[in-house]
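Q: Numbering (the working numbering), first residue to last: 23 to 145.
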């Protein structure tokens, strides 16, 4: 089965291609997609989500962040050449100054459909 998600708003508005910055609709270019953090923050930035650090055993411990805070973490983690410099809010740095390079935060639970039923992310 192919193309099932191609027309979902979440598949077109929540991602962009890394090479051109245009929204992606073709599943064949999946390796070139990145989250469209600017769009997610603009639309849903104040939403509370559960985030876990996957480098901790079992990924069981979660913390609450807003989508905007997670976006700051994500941009810092994946677009900065020096992950440890000026860490974003919501990411624990109490262990060591180089903790930014050690964090591997996963946005675990976001009940988007329940919070925004009118949005139609998967229609």
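Don't be surprised by glycine CBs; every beta carbon is placed ideally from N, CA and C.
Thinking C-alpha only, which one of 61, 38, 68 is nearest residue 55?
A: Looking from the CA of residue 55, the closest CA among 61, 38, 68 belongs to 38.
Q: Report the partner residues of residue 72 according to the DSSP bridge assignment.
A: 86, 131
Q: At the level of alpha carbons, what is the spacing between residue 99 and residue 143?
A: 26 Å
Q: The beta strand (DSSP E) that contains residue 55, what's its start and end?
A: 55 to 57
Q: Between which residues of its own chain and residue 129 is the CB-CB distance below 7 Å, once the five residues before and five after are set aside?
A: Closer than 7 Å at Cβ, skipping near neighbours: 71, 73, 92.
Q: So does residue 67 have its beta carbon nearer than 6 Å to some heavy atom of the ligand HEM?
A: Here there are no bound small molecules, and the ligand HEM is not part of this structure.
Q: Residue 34 lies in the alpha helix (DSSP H); which residues open and close that run?
A: Residue 34 -> alpha helix (DSSP H) spans 31 to 35.
Q: Pull up the distance between the alpha-carbon of residue 61 and that of residue 36, whole angstroms please.
A: 7 Å
Q: Output needed for residue 131: all residues of its chain with C-beta closer than 8 Å, excluding positions within five of it in sequence on either side, in chain order.
A: Counting only residues of its own chain and dropping the five nearest sequence neighbours on each side, residue 131 has a CB closer than 8 Å to the CB of 71, 72, 84.
Q: What number of angstroms, rounded off, separates the C-alpha of residue 30 from the C-alpha of residue 68?
A: 22 Å
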